[in-house]
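A short worksheet on the structure shown next.
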Amino acid sequence: MTMDLLGAIKVSSSALTAHRTKMNVVAENIANSETTRTAEGGPYQRKMVVYEKQTPESFDSMLKNEMTRGDRVKVTEIVSSPDDFRLEYNPAHPDADPETGYVKMPNVDILSEVADMMVARRSYDASATAVENSKNMIMKALEIGR
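Residue numbering for the sequence shown is 3 to 148, as defined by my numbering.
As structure tokens, this is what we get:
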């Protein structure tokens with residue numbers, strides 16, 4: 003039983019890492035939502051977190067794999083959003099197109115980012131609670147064994 007609980011802690015801790023990565027990427031997106039000039043040239047491009055794809059299995063086999071592997075929740079890559087940049091009319095801006103007066107702004111939608119942050123935070127909290135509950139169950143199991 004203790005090995006199963008340790009496996010549960012491994013799964014939850016890998017989820018904590020993945021959710022923390024997601025929150026960091028969302029924070030970077032929000033911080034750069036008005037950045038019109040980057041080192042690569044052009045406006046900042048929104049970044050998105052890609053999680054590992056899982057093949058559907060039966061519930062029992064998936065549960066057993068999760069308890070033993072402990073590495074099923076992970077970020078495989080961070081990619082740039084393919085969405086178009088926003089155009090904002092501001093001829094006085096230093097990065098404005100001299101002919102049209104439009105500035106290419108980052109493709110970051112603050113409301114979407116805040117919603118993503120809320121989801122990531124709640125997921126992080128749920129994973130932290132799972133780690134804490136598993137730890138408490140291990141402690142109770144050790145107390146019974148005394």
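Backbone N, C-alpha and C fix where the C-beta goes; we use that ideal spot for every residue, glycine too.
- Between A94 and K106, the alpha-carbon positions lie close to 13 angstroms from each other.
- Its chain contains N31, S83, N109, V110 as the residues whose beta carbon lies nearer than 6 angstroms to that of R48, once the 5 sequence neighbours on both sides are disregarded; these appear in chain order.
- Residue pairing from DSSP places V81 in a beta bridge opposite M50.
- Excluding residues up to 5 positions away in sequence, V133, S136 lie with their Cβ nearer than 6 angstroms to the Cβ of I11 in the same chain.
- For V110, no beta strand (DSSP E) segment is defined, and its DSSP state is neither H nor E.
- Between V27 and I80, the CB-CB gap stays under 7 angstroms.
- A Cβ-Cβ separation of about 7 angstroms places M25 in contact with Y126 under the 8 angstroms criterion.
- Inclusion of L18 and S114 in the CB contact set at 7 angstroms is not warranted, their separation being larger than that value.
- Secondary structure note for E90: its beta strand (DSSP E) is the uninterrupted segment 88-91.
- Taking all protein chains in view, the Cβ of V52 is surrounded by fewer than 16 other Cβ atoms within 10 Å, so the residue is classified as exposed.
- By the beta-carbon neighbour count (other beta carbons within 10 angstroms, threshold 16), A20 is buried.
- Between R39 and D99, the C-beta spacing is not below 7 angstroms.
- I112 places its beta carbon less than 7 angstroms from that of S35.
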